[in-house]
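**Student:**
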Amino acid sequence: MALSRANSTLKMVARPLGKTGITLSIVGLGTVKFGRTTGLKYPGRAMLPSDAEASALLDAAEQVGICVLDTAPAYGVSEERLGRFLKHRKHPWFVVTKAGEHWTGSVSVFDFSENSIAQSIDRSLERLSLPQLGSVLLHSDGVAETSKDGFDGAIRALRRAKEAGKVRTIGASLKSAAGVARAIEWADVLMLEIGDEAAMRDAVNSAAGRGVGILVKKALASGHLDKLGTDPIRSAMTRNLAFPGVCSVIVGTTNAEHLRENCEAAARAADELAMNKPDTERPA
């Protein structure tokens, strides 16, 4: 098994992040629920976990071998809280944050200017108490990613931060296939929701062909996963992990048992894909 119980510990399988030379766990922990309770698409009433609860979830993530943490300035106080929690941990976390979107408490404000992105990166480093970020992704509004000059200044800021050693990899969290087509010219990493749209599936294949690492968002439909079949979480994991170039699936939860279940489902999916690889058709 790619993921097995041994002394109540789960062992995680890893995949390469495109051609970056970095290898990451196939499941990453999304932390929007660590810092924000409004404007979310998750079912049920949102409440921030206590410091003890959030720290315990990070403990659980470490125990199952997760190394990817996904956060953003738009996730309220998520970065600040993670900074406190990670300060004294020795686990090799790969922290993915974003730039370009700020949550005011009621609405999102977007700014992809060069200065704004540069300042956002510096603030994230300070909040997270890290000397270097694993990845900084432009947090797209769905408009700038396809406009002629929408990300030009932002890309310059990202490249400058990478050259300065502030960030290991750069890229974007996108909403459209057209955005992907533009981003593969410069990005190391893309975060995408891979739905049923043929154009997006083609875009994912193109990104993989260019060696761009792919992180999957909303793989479990923000908690609204259709209850089709006997194991919908495993089905969702299998579908997303089958795409070429996919490194990690980001799951957002504050429940340690749900996190373990997601990891087990991903492990079964990875095993199934590995066993059937010669005969399995990749999504087109």
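In the numbering used here, the protein residues as written are 1 to 284. Ideal Cβ placement from N, Cα and C applies to all residues, glycine included. Predicted model, so just to flag it, every value in this text is computed and none were measured.
Can the beta-carbon of Ser-113 be found closer than 8 Å to that of Gly-153?
**Tutor:** What you label residue 113 is simply residue 113 of the sequence shown in a count that begins at 1. What you label residue 153 is simply residue 153 of the sequence shown in a count that begins at 1. Yes, Cβ-Cβ distance for Ser-113 and Gly-153 is below 8 Å.
**Student:** For a test of the three-state rule: what should DSSP assign to Phe-112, helix, strand or coil?
**Tutor:** Taking the sequence shown and counting its residues from 1, the one referred to as residue 112 is at position 112. Phe-112: coil per DSSP, three-state reduction.
**Student:** Sort out for me which residues DSSP pairs Ala-14 with in a bridge.
**Tutor:** To locate residue 14, count along the sequence shown from 1; it is residue 14. BP columns for Ala-14 point to Ser-25.
**Student:** Once DSSP output is grouped into helix, strand and coil, what is the label at Arg-239?
**Tutor:** On the sequence shown, residue 239 is found 239 positions in, with the first residue counted as 1. Looking at Arg-239 - three-state DSSP - the assignment turns out to be helix.
**Student:** So, at 6 Å on beta carbons, what are the nonlocal neighbours of Ala-266 in its own chain, with the 5 sequence-adjacent residues on each side left out?
**Tutor:** As a first step, residue 266 must be located in the sequence shown, where it is residue number 266. Result list for Ala-266: Ile-26, Val-27 and Met-237, in chain order.
**Student:** Taking Cβ to Cβ, would you say Gly-211 is nearer than 8 Å to Thr-169?
**Tutor:** As a position in the sequence shown, residue 211 is number 211, starting the count at 1. As a position in the sequence shown, residue 169 is number 169, starting the count at 1. The answer is no: Cβ separation not under 8 Å.
**Student:** Which stretch, first to last residue, makes up the alpha helix (DSSP H) that contains Ser-78?
**Tutor:** As a working note, residue 78 is residue 78 in the sequence shown. Looking at the DSSP string, the run of the alpha helix (DSSP H) that includes Ser-78 is 78–86.
**Student:** So is Arg-159 buried or exposed if we call it buried at 16+ other beta carbons inside 10 Å?
**Tutor:** Locating residue 159 in the sequence shown gives position 159, counting from the first residue. By the 10 Å Cβ count, Arg-159 comes out exposed.
**Student:** Three-state secondary structure (DSSP) at Phe-151?
**Tutor:** Taking the sequence shown and counting its residues from 1, the one referred to as residue 151 is at position 151. In this structure, Phe-151 counts as coil in the three-state DSSP scheme.
**Student:** What three-state label does DSSP hand Ser-173 in the structure shown?
**Tutor:** Counting from one through the sequence shown, the residue named residue 173 turns up at place 173. Note: Ser-173 maps to strand in three-state DSSP.
**Student:** Please name the residue, chosen from Glu-62, Gly-39, Leu-190 and Gly-213, that lies closest to Ala-256 on a Cα-to-Cα basis.
**Tutor:** What you label residue 256 is simply residue 256 of the sequence shown in a count that begins at 1. Residue Glu-62 is the option with its Cα nearest to Ala-256.
**Student:** Please report the distance separating the alpha-carbon of Ser-50 from that of Asp-70.
**Tutor:** In the sequence shown, residue 50 corresponds to position 50, counting from 1. In the sequence shown, residue 70 corresponds to position 70, counting from 1. Each residue's Cα considered, the two are about 19 Å apart.
**Student:** Considering only the beta carbon of each residue, do Glu-101 and Pro-73 sit closer than 8 Å?
**Tutor:** Reading the sequence shown from its first residue, position 101 is the one you call residue 101. Reading the sequence shown from its first residue, position 73 is the one you call residue 73. The answer is yes: Cβ separation under 8 Å.
**Student:** Distance, Cα to Cα, Arg-260 vs Asn-115?
**Tutor:** Here residue 260 corresponds to residue number 260 of the sequence shown, with the count starting at 1. Here residue 115 corresponds to residue number 115 of the sequence shown, with the count starting at 1. Taking the straight line joining both Cα atoms gives about 40 Å.
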